[in-house]
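Peer 1: Chains as they are written, first to last, in the UniProt record's numbering: chain Y, 1 to 245; chain S, 1 to 245; chain L, 1 to 245; chain F, 1 to 245; chain G, 1 to 245; chain V, 1 to 245.
Backbone N, C-alpha and C define an ideal beta-carbon position, used for all residues, glycine too.
Quick one: the structure is below, questions incoming.
6 protein chains.
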Amino acid sequence: MTAFQRPSGRAPDQLRPVLLERHYTRHAEGSVLVAFGDTRVLCNATVEEKVPPFLRGKGEGWVTAEYGMLPRATKERTQREAARGGQGGRTMEIQRLIGRSLRACVDRAALGERTITLDCDVLQADGGTRTAAITGAYVAMVDAVNRLKQQRLIKKDPVIGAIAAVSVGVFRGVPVLDLDYAEDAAADTDMNVVMNDGGGFIELQGTAEGHAFRRDELDALLALAGKGVAELVQLQRQALAHVTG
Amino acid sequence: MTAFQRPSGRAPDQLRPVLLERHYTRHAEGSVLVAFGDTRVLCNATVEEKVPPFLRGKGEGWVTAEYGMLPRATKERTQREAARGGQGGRTMEIQRLIGRSLRACVDRAALGERTITLDCDVLQADGGTRTAAITGAYVAMVDAVNRLKQQRLIKKDPVIGAIAAVSVGVFRGVPVLDLDYAEDAAADTDMNVVMNDGGGFIELQGTAEGHAFRRDELDALLALAGKGVAELVQLQRQALAHVTG
Amino acid sequence: MTAFQRPSGRAPDQLRPVLLERHYTRHAEGSVLVAFGDTRVLCNATVEEKVPPFLRGKGEGWVTAEYGMLPRATKERTQREAARGGQGGRTMEIQRLIGRSLRACVDRAALGERTITLDCDVLQADGGTRTAAITGAYVAMVDAVNRLKQQRLIKKDPVIGAIAAVSVGVFRGVPVLDLDYAEDAAADTDMNVVMNDGGGFIELQGTAEGHAFRRDELDALLALAGKGVAELVQLQRQALAHVTG
Amino acid sequence: MTAFQRPSGRAPDQLRPVLLERHYTRHAEGSVLVAFGDTRVLCNATVEEKVPPFLRGKGEGWVTAEYGMLPRATKERTQREAARGGQGGRTMEIQRLIGRSLRACVDRAALGERTITLDCDVLQADGGTRTAAITGAYVAMVDAVNRLKQQRLIKKDPVIGAIAAVSVGVFRGVPVLDLDYAEDAAADTDMNVVMNDGGGFIELQGTAEGHAFRRDELDALLALAGKGVAELVQLQRQALAHVTG
Amino acid sequence: MTAFQRPSGRAPDQLRPVLLERHYTRHAEGSVLVAFGDTRVLCNATVEEKVPPFLRGKGEGWVTAEYGMLPRATKERTQREAARGGQGGRTMEIQRLIGRSLRACVDRAALGERTITLDCDVLQADGGTRTAAITGAYVAMVDAVNRLKQQRLIKKDPVIGAIAAVSVGVFRGVPVLDLDYAEDAAADTDMNVVMNDGGGFIELQGTAEGHAFRRDELDALLALAGKGVAELVQLQRQALAHVTG
Amino acid sequence: MTAFQRPSGRAPDQLRPVLLERHYTRHAEGSVLVAFGDTRVLCNATVEEKVPPFLRGKGEGWVTAEYGMLPRATKERTQREAARGGQGGRTMEIQRLIGRSLRACVDRAALGERTITLDCDVLQADGGTRTAAITGAYVAMVDAVNRLKQQRLIKKDPVIGAIAAVSVGVFRGVPVLDLDYAEDAAADTDMNVVMNDGGGFIELQGTAEGHAFRRDELDALLALAGKGVAELVQLQRQALAHVTG
């Protein structure tokens, strides 16, 4: 039997090399360049002392996200959304996912009436941009929140636990972790999983592109996702433990 | 111990009354009014002898969907998207989901170079509009395909099996099937599940709104979804078996 | 001489069968499905406790309308206006006409500082969608106003008399009432007439599509319109007299 | 009894001073500055050797119009539609009216596969901009067509007869011709009438702003309109008879 | 050696005939039709008792400009920006230039919390529309400011000196003043220069279209611009000296 | 006399540290991260085998640019243009400037019927983003062109000489080179200068923000710009001489 081989040579349950570089730009309250292999996303956290209209006067904060892709992050140039006159469906879907995921680990009352916006801009894409974005945005958000704590603007830490995200899928019949573009394009099934550091599920978005997936495949994918997120949460902790200027 | 009670009085694993009324309007090639309780969606299937640019000359067809909500389908009036100047993120997310789900049960080579567009317009909303839309749009698509067969425009049936969709969630700690608006607004966890008649998963979109959901909760939700989809597929079959003018 | 024949077999001065079904959806303050033959329009009335900026603080209310057409209301699929990025000229023209017509029978001071919005959405089109919309929207508006009276939010009835609308035209040289699509497409002259129950004219919009119309033709058309509106006002009264839950 | 008085001192059946200045700008194939009193509209006719997609290959031409208002044509500055991101409902309604009116006096087969676009831009507004625009655009269109004849691009004259437009209304209970802004703002009833030189009606758009108008009022208004259009057609003829470089 | 010849027969340092007609329309607080030869721009100044949000409560005024071109101002018809759904890059660039230029001669504290908007609409284009617009808008602004002074709404004159603008360029190797369209289209280098009546530079926008320009060419162009602006400022003064009703 | 001091401590004629990092991302045909001090712009060059409609079939190529700013490149978060629905005036002005500047050093016939698009995205802003963008985009364009030469798709080098850009301005009365944000915000006069390696001017855009600038100030600024561009061209050469994988 010829051995199953991933295009990158990775083991089925192996993440790509992960980079979490904090303080990547200087103006944002939190600024993290996250890399999952060749996928590179700049995650900037902005804190503003205002909330959307539906929350005014309720004593609660808000966490939201915007997502963008530089035109040449991809192999072929993609038209700039600003030039096309608006954000497309894929962009909106992804930024809503990032926002919901991060809100799931924030105590909005403890945050107070302020908004944290996570801008996730893909500088280079090689599959998994949304999972990298969520994983990096979490670190940028923690940096922004720590600054609020240092400024004594908040008392209680609004961040509850940690979250990270990874993709899993069935590639040539084998469940694999953290798909790159070559795998993603050929996968029958693709699932993005957002989990917290307690192993709880935050978001689960699975799509059968080739054929419907069976229950046993789903179980295998969820196990891989659990392993991947646990490793990512560990890498987030290490990055945040590093003292920086 | 006081008994758990759903607002509608249904059992946890009970669907709302389902209606699948075919030939609801007269111009569309397939036209189905689907009701899941008080949720009512008009699903019209249009067949056009053209494909999007990326498919031209490849001998394959396309299946796509658009979703809309009448301004007063909801309790409070929602601004008309045409008046606001474009479709919002939620709309785009839903219509992409409907389109992907239906493509999962179509052999696009057998369809030939033509496009089936499913217009799903919500006349009245009470939770679960996207799952009702998928379930109804499947029936409208089958009607449209049957017409192509009667006109001998296609030889091989392009529809492979059946698909249906249902929502599941954890409401007051109990996993329940087919959430209505009152449950949806209060649920901790909400998952939309699209499955085929063989029990395979097509789409899985779960969101933890209150707290992250555990693996055992996920298993219970998936079991409920399996039961619900099996019943819906049965109702689709009955509706389609009915001979109509 | 061969007899003149309308495609539908109707007499020249005969309306199509008219349906005015109240309480068609459950959220709107007034909800009427109106049918003029195969033309079916859902008219929902919404009451909101606010007025447009130019009326604030003047103690007067406002009545406005929006019009839409489901993509497959027509024989060929029409592109969704929300997807195209905005409402077209025809839509704007029609919704301005509906709004003006209904304001003509409302005492805006008696309404108080609130807005009634009439959403008229065409589910199925076969000519005369705007006249059906006006006729149905009047009934929906009365239902909404009656609710305000029951809630004792208004004292004096703001609705003065009744209005209804019908189209008239010259088809194959003969003046006819309430044109369906087949007649409309072939008519030389087409006129939409909005009148009140006292026989006064509210709106008159006539267009000579083939040849300019003479004064005697105009007189014949106005007489037909008067007859049609009188019948429609009678049908509105009957529909409103019906006690409903 | 105190005499009825129009703000301008005109007799009820008196037009404002009319100006039809041809060759107002030098690039357009027809260029007419039309003034109805203080209302001044620049009407430029452009001939292009192409037709809209729905007419390609049918051997017929097209006539269309666009309407605009300079921001300070009005007493208060109006926001520029280009800056607001699109044309509003009133603009679309008016330009559709102008286009339909001019098509009513053109033999599109004789025009051949070319388009005449009438750009009507209001430099100064004082009521009646749409009727002035139609009246002036007719002259600009004739100039453009004459050029095609001189260039021997067309053989048969595609312009059949003449059309002109005027507003009529009931002002303080008296039917009057050609309302200026002061009258228009106070009128109970306002009607725009487009007629041809044979006294036939092309377009009739009447609106009861204060109270519904009776049949006898309508008859008086139509008589006034007939008188006004006859005078305008005479002025168009004089303007066109004038030989210009 | 054959003599250098400008298409218009002008000397290299000669302006086109300049017209500055005040009170061109009646509603605007300042209204000037400016002509530089066949280029004709209507400049209307509007005074409004409000400032943009970033200036509220600071006791300062604002001066801004909008620019437009009638579709048939040009040889070929240009699509209407309102119909295209927004202002293009060239329009934005020009209106920003006009606004900055005029703000350079206004003491915004002396103006008080009000905004002057200069609408510059090109009726006919033959090169140099932006320089004509700046030169004419200055006169319209002075008229608007004088009205404020007459109404005693301001005490101190907010207009400091005068500004005017002219284009210069290298045409067939020779530096020339005030290029018309024929020269502009063929010029290697084109520069728009805004200067004040003291000979100071306000804006300098030079573009090498054919080949890069040398320092000595730049010096010659700046000298021409100085001469041209001095003449234009003189013409502005004469126009403003003329007493008008 | 107290010495004049720039906020950064630089000499008046001193550039900020310049970085030109090639091959910054992997998909683009040319990819350069350029830094002028804290201003960092990613310049990606894309080659596509097509030209805009107005150039089809003429045997000439095209060079164009798009400019963007990440929302948190600035001190305060700027709204994303894609979310706002279009590119603003400043963006359009800058991308038109970049495109024109690069076209000035390209022989478009030698390039053949293909387009080079330069995407310049600001990751971090501290003044001078447009001059950094032009300087970096030149290097990215050369890398893209060299690839075409290696692939033997073009024979003759289409790049003629080199171009670079720098800002100059009068800060506290002293002419200075390469303004950072602190200087830019306070400068009386600001000029962006694009020059080629032969000392010729390509673009000159000067704006007097505080007071009009005199001719001797202009001369001093132009001398500074000449010095700065000569140094930048030298740095471009060094960067391009570096052999890279």
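Quick check: the region 103 to 118 of chain V against the region 227 to 238 of chain G, are there 3 or more CB pairs under 8 Å?
Peer 2: These segments do not touch.
Peer 1: Spatial neighbours of residue 28 of chain L within its chain, please: C-beta separation below 7 Å, excluding the five flanking residues on both sides.
Peer 2: Taken in chain order, the residues that qualify are 44, 45, 46.
Peer 1: Considering only DSSP beta bridges, list what residue 45 of chain S is partnered with.
Peer 2: The partner list for residue 45 of chain S (beta bridge, DSSP) reads S:30, S:118.
Peer 1: From what residue to what residue does the alpha helix (DSSP H) around residue 246 of chain F run?
Peer 2: Nothing can be reported for residue 246 of chain F, as the shown portion of chain F is limited to 1 through 245.
Peer 1: With the cut-off set at 8 Å, would you say residue 141 of chain S and residue 160 of chain S are in Cβ contact?
Peer 2: No.
Peer 1: From this set, G:110, G:67, G:78, which residue's C-alpha is nearest residue 98 of chain G's C-alpha?
Peer 2: Of G:110, G:67, G:78, the residue nearest in Cα terms is G:67.
Peer 1: Give the DSSP bridge partners of residue 175 of chain Y, in chain order.
Peer 2: Partner(s): Y:170.
Peer 1: Please identify the residue among V:182, V:156, V:133 whose C-alpha is closest to the C-alpha of residue 33 of chain V.
Peer 2: Of V:182, V:156, V:133, the residue nearest in Cα terms is V:133.
Peer 1: Do you know whose CA, among F:137, F:76, F:35, F:169, lies nearest residue 16 of chain F's CA?
Peer 2: Measuring from the Cα of residue 16 of chain F, the nearest candidate turns out to be F:35.
Peer 1: Check whether the region 74 to 86 of chain G touches the region 146 to 157 of chain G, taking contact to mean three or more Cβ pairs, one atom from each stretch, closer than 8 Å.
Peer 2: Too few Cβ pairs lie closer than 8 Å, so no.
Peer 1: Determine, using beta carbons only, whether residue 200 of chain G comes closer than 8 Å to chain V.
Peer 2: It does: the Cβ of residue 200 of chain G has a partner Cβ on chain V nearer than 8 Å.
Peer 1: Step through the CB atoms of chain L and report whether any lies within less than 8 Å of the CB of residue 46 of chain F.
Peer 2: By this cut-off, residue 46 of chain F is not an interface position.
Peer 1: Could you work out which residue in S:26, S:114, S:30 is closest to residue 55 of chain S when comparing CA atoms only?
Peer 2: It is S:114 whose Cα lies nearest to the Cα of residue 55 of chain S.
Peer 1: Here's a check: name, in chain order, each residue in its chain whose Cβ is nearer than 6 Å to the Cβ of residue 51 of chain G, leaving out the five neighbours to either side.
Peer 2: Closer than 6 Å at Cβ, skipping near neighbours: 62, 113, 115.
Peer 1: Could you please tell me which residues of the region 78 to 95 of chain V, in chain order, have their CB closer than 7 Å to any CB of chain G?
Peer 2: Correct list: 86, 89, 92, 93.
Peer 1: Taking 8 Å as the CB-CB cut-off, is residue 12 of chain F touching chain G?
Peer 2: Cβ-Cβ to chain G under 8 Å: no for residue 12 of chain F.
Peer 1: So residue 95 of chain Y packs on residue 65 of chain Y, CB below 8 Å; how close in whole Å?
Peer 2: That pair is a contact at about 5 Å.
Peer 1: Would residue 53 of chain G be called buried (16 or more neighbouring beta carbons within 10 Å of its own) or exposed?
Peer 2: Classification for residue 53 of chain G: exposed.
Peer 1: Using 8 Å for Cβ pairs, my map puts residue 182 of chain G next to residue 123 of chain G. What's the rounded Cβ distance?
Peer 2: Incorrect: roughly 19 Å between the Cβ atoms, too far for contact.
Peer 1: Looking only at DSSP bridge pairs, what is residue 195 of chain Y linked to?
Peer 2: Partner(s): Y:164, Y:201.
Peer 1: For a contact meaning CB atoms closer than 7 Å, what does residue 218 of chain G contact in chain V?
Peer 2: Result: 201.
Peer 1: Would you kindly report the start and end of the unbroken beta strand (DSSP E) that includes residue 67 of chain S?
Peer 2: Taken as a continuous stretch (DSSP letters only), the beta strand (DSSP E) holding residue 67 of chain S covers 62 to 69.
Peer 1: Quick one: measure Cβ to Cβ for residue 168 of chain Y and residue 191 of chain Y, integer angstroms, because I've assumed they're closer than 8 Å.
Peer 2: Confirmed, about 5 Å.
Peer 1: Going along the chain, which residues of the region 60 to 73 of chain V sit with their C-beta nearer than 9 Å to a C-beta in chain Y?
Peer 2: Residues 66, 68, 70, 71, 72, 73.
Peer 1: Please list, in chain order, all residues of the same chain as residue 227 of chain V whose beta carbon is under 8 Å from its beta carbon, the five residues on each side excluded.
Peer 2: Only 13, 177 meet the Cβ criterion.
Peer 1: Taking 8 Å as the threshold (beta carbon to beta carbon), is residue 50 of chain G in contact with chain F?
Peer 2: Judged by the 8 Å Cβ criterion, residue 50 of chain G is not in contact with chain F.
Peer 1: To which residues does DSSP link residue 206 of chain L through a beta bridge?
Peer 2: In DSSP, residue 206 of chain L forms a bridge with L:191, F:204.
Peer 1: Just confirm the distance between the C-beta atoms of residue 37 of chain L and residue 184 of chain L, as a whole number of angstroms; I'd bet it's less than 8 Å.
Peer 2: Not quite, the Cβ-Cβ distance comes to about 12 Å (not below 8 Å), so this is no contact.
Peer 1: Under the assumption that residue 131 of chain Y contacts residue 166 of chain Y (Cβ atoms under 8 Å), give the Cβ distance between them as a whole number of angstroms.
Peer 2: At roughly 5 Å, the Cβ-Cβ gap stays under 8 Å, so residue 131 of chain Y and residue 166 of chain Y are in contact.
Peer 1: Looking at chain V, which residues of the region 100 to 119 of chain Y have a Cβ within less than 9 Å of any of its Cβ atoms?
Peer 2: For the region 100 to 119 of chain Y, which is checked against every Cβ of chain V, the residues closer than 9 Å are 117, 119.
Peer 1: What would DSSP say about residue 1 of chain Y, mapped onto helix, strand or coil?
Peer 2: In this predicted model, residue 1 of chain Y has a pLDDT of only 49, less than 50, meaning its place in the structure is not dependable enough to derive any value.
Peer 1: When we look at the beta-carbon of residue 152 of chain Y and count the other beta-carbons within 10 Å, is it buried (16 or more) or exposed?
Peer 2: The residue in question, residue 152 of chain Y, is exposed, as its Cβ has fewer than 16 Cβ neighbours within 10 Å.
Peer 1: Identify the continuous beta strand (DSSP E) that holds residue 232 of chain L and give its terminal residues.
Peer 2: That residue, residue 232 of chain L, is in no beta strand (DSSP E); its alpha helix (DSSP H) goes 215 to 241.
Peer 1: Would residue 162 of chain V pass as a contact of residue 196 of chain V if the rule is Cβ separation under 8 Å?
Peer 2: Closer than 8 Å, so yes.
Peer 1: When you compare the CB positions of residue 108 of chain F and residue 60 of chain F, do they come within less than 8 Å of one another, or not?
Peer 2: Going by C-beta atoms, residue 108 of chain F is nearer than 8 Å to residue 60 of chain F.
Peer 1: Please state whether DSSP places residue 39 of chain V in a helix, a strand or coil.
Peer 2: The answer is strand: DSSP assigns residue 39 of chain V an E or B state.
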